[in-house]
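If you use this note's numbering, the sequence shown corresponds to residues 3 to 392, in order. Just so it is clear, CB atoms sit at the ideal spot from N, CA and C, and this is done for glycine as well. Down below is the structure, laid out as C-alpha cells.
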Amino acid sequence: MAAAAAVVFVLLRLLIAADGDVTRFVVAGDLFVDRGAVADDTGVDLHVFPGPGYDGQFFWRLAVDPGRWGSEHDGVRFDNAYRPPRIGYPLLAFAAGAGQARAVAGVLVAVNVAAVGAAGYAAARLARLAGRPAVWGLLVVAAPGLVLSLGRDLAECVTVACVLGGLVALQRDRVGAATLLWSYAVLTREQALVTVGAYALWRFAAIGRRRSRPGRPDLAWVVPGLVYLAWQLVLWRNIGDLPAGAAGGSNIVPPFSDMVPGLVKWTQGELPRLHWIAPLQLAGTLVLLAAAVRALRPPAVPVAHDPPRGAPPPGTDRGFLAIALGVATLAATCLAASVWRDPSDLRHLVDVSTYGALVLVTSPHRIPAWAPATVAAVWAVTVAARVVAI
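This is the structure:
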C-alpha cells in the first residue's frame with residue numbers, strides 16, 4: 003500500500019508539477035549547476051531552475067559518479083563538505099542504473115519508491131509484532147518529510163527504510179542484518195545517528211540494570227558508529243575538510259536557540275510561499291508527539307515480556323522507543339535558523355514523526371482516533387501541495 007501510494011504520487015507529480023520531465027525532480031539550480039557543462043560531461047539534458055535549487059542536485063551528481071568527492075565535477079558544484087558523506091542513496095541509484103548517467107534521474111525516483119515500500123513493509127512487521135493489524139504500519143511512514151523526499155530525490159526514504167529494517171532484524175535476533183542496515187543508514191544521512199545513539203543508550207541502561215551483558219547485540223551500535231567515523235576520515239583525507247564539522251557548524255545549535263526565533267518569524271509572516279503548509283505540518287507533528295507521550299504511560303495491566311535472550315529487542319520495547327523519541331525531539335530543537343527559514347515539509351523532523359508513530363502503533367493502549375486522523379489529513383494536504391508545485 004505504501005509503495006502504491008508512492009507510485010501514484012510520483013506519476014501525478016511527474017505529469018502536473020514536472021510537466022513530464024523527471025529531471026525536474028532533481029530541482030537543480032543554476033547557482034550550483036551549469037547546464038551546458040552537465041550536457042558536455044554526462045550527455046544529460048538536466049532541467050536547471052534559476053536560483054540555488056535544492057539538495058537533490060547533489061544526490062544526482064553523486065549518483066552519476068559516486069567516486070568523485072571533490073568540490074566541482076560533472077557540471078555540479080557542492081555547496082558544502084557535508085554532501086559527499088551522504089553516499090548511500092546515490093550509490094543505490096548508481097548501481098540500479100548500471101552507471102548510466104542518462105538513467106540517474108529516473109532511477110533516483112525508483113529507488114525512493116522502493117524504499118517507501120520497504121519502510122512500509124518493515125513498519126507493518128513491527129505493528130504485527132505488537133499485536134496490531136499490519137495496516138497500522140502506514141501511520142509510521144506518513145511523515146510529510148517523506149513526501150518531499152520522494153518528490154525531490156532526497157535520502158530520507160532510504161534512511162527510514164534502513165532504520166525500520168534494522169529494528170525488525172533486531173526483533174528477530176538478527177544482529178548481523180541490523181548492523182548492516184544501520185551501518186548503511188548512517189551513510190545515507192547523519193540523522194540515522196539518532197537511532198544508533200538511542201540504541202546505545204538503551205543498551206547501556208539494560209547492562210547497568212543487569213538485564214543484559216555486553217556482547218553481540220552491541221554490534222548494532224558500535225559498527226555503525228565506526229563506519230560513520232571511518233567514512234568521515236576517508237573524506238577528510240581526500241577533500242581536505244572534515245564533513246561532520248561542516249554539517250555541525252551550519253545545522254546544529256544549542257536547544258531552542260534558533261527554533262523559537264524561527265517560529266516567531268513564522269507568526270510574523272516571514273515564511274516562503276512554497277512552505278505555506280509548514281505550520282499545519284508542525285501542528286500535526288506536535289499532535290502526534292503528544293499522543294505518543296500519552297501512550298508511554300504505564301498500562302493498567304503490566305505487559306509481560308518473554309525476550310529470547312537478555313533484554314527484550316528494541317523494535318517494540320517501550321523503553322527504547324521512549325529514548326529514541328526523546329533523542330529525536332531534542333535533536334529537532336537544535337536545528338539552526340536556516341532550517342526554520344526553509345522548513346521543507348519538516349524533512350528534518352522525520353525521526354520525530356517516525357518514532358512518535360512507532361510509540362503509538364506498538365503501545366498496549368488504544369490509539370485515539372484523533373491522532374491517525376490528524377496524521378492522515380496533514381499527509382493528504384502535503385501530497386496535494388507537492389503534486390502541483392516543484
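Take W342, set aside five residues on each side of it, and the residues of its chain with a beta-carbon closer than 7 Å to its own are D260, M261, G264 and L265, in chain order.
The residue from T331, S340 and L291 with its alpha-carbon nearest to that of P374 is L291. DSSP, read as helix, strand or coil, puts A30 in strand. Its Cα nearest to that of R130, the residue G317 stands out among L14, L48 and G317.
The alpha-carbon separation between V354 and G38 amounts to approximately 41 Å.
Checking the DSSP bridge columns, you'll see F51 partnered with G31.
The continuous stretches of alpha helix (DSSP H) do not include L276, and DSSP gives it neither H nor E. Within the DSSP secondary-structure output, E74 pairs in a beta bridge with R79. Nearest neighbour of R215 by Cα position, chosen from W223, V224 and R205, turns out to be R205.
When DSSP states are grouped into helix, strand and coil, I254 belongs to the strand group.
Below 8 Å, enough C-beta pairs join the region 73 to 88 and the region 217 to 237 to call them touching: three or more. Judged by DSSP in its simplified three-state form, L244 adopts coil rather than helix or strand. Look at L156 here: in three-state DSSP terms it is coil, with no helix or strand label. With 16 or more other Cβ atoms from the protein chains shown falling within 10 Å of its own Cβ, T376 counts as buried.
Here DSSP, grouped into helix, strand and coil, assigns L327 to helix. Contact holds between the region 112 to 123 and the region 4 to 13, because three or more Cβ pairs, one in each stretch, are under 8 Å apart. With respect to the 8 Å criterion, G168 and A180 are classified as neighbours on the basis of their beta carbons.
The continuous alpha helix (DSSP H) containing R63 extends over residues G58 to V66.
Secondary structure of L298 (DSSP, three-state): coil.
Between P226 and L182, the alpha-carbon positions lie close to 8 Å from each other. Comparing alpha-carbon positions, the option among L327, I325 and L351 lying closest to L337 turns out to be L351. Within the same chain, Cβ atoms closer than 6 Å to the Cβ of F258 are found at T335, the five residues on either side in sequence being excluded. For V46, there is no enclosing alpha helix (DSSP H), since its DSSP letter is neither H nor E.
If you draw a straight line from the Cα of L150 to the Cα of W71, it comes to about 25 Å. Pairing D36 with G69 gives a Cβ-Cβ distance that is not under 8 Å. Contact between T161 and R191 holds: their C-beta atoms lie close to 5 Å from each other, under 8 Å.
Here the alpha carbons of R79 and Q102 stand approximately 20 Å from one another.
The shortest CA-to-CA distance from A145 to any of S185, C159, A95 and R296 is the one to C159.
The bridge partners DSSP lists for L337 are I254. Between V380 and A8, the alpha-carbon positions lie close to 16 Å from each other. Cβ contact annotation for H277 (same chain, cutoff 8 Å, sequence separation greater than five): D344, P345, S346 and D347, in chain order.
If you look at L13, you'll find it in the alpha helix (DSSP H) that goes A4 to L17.
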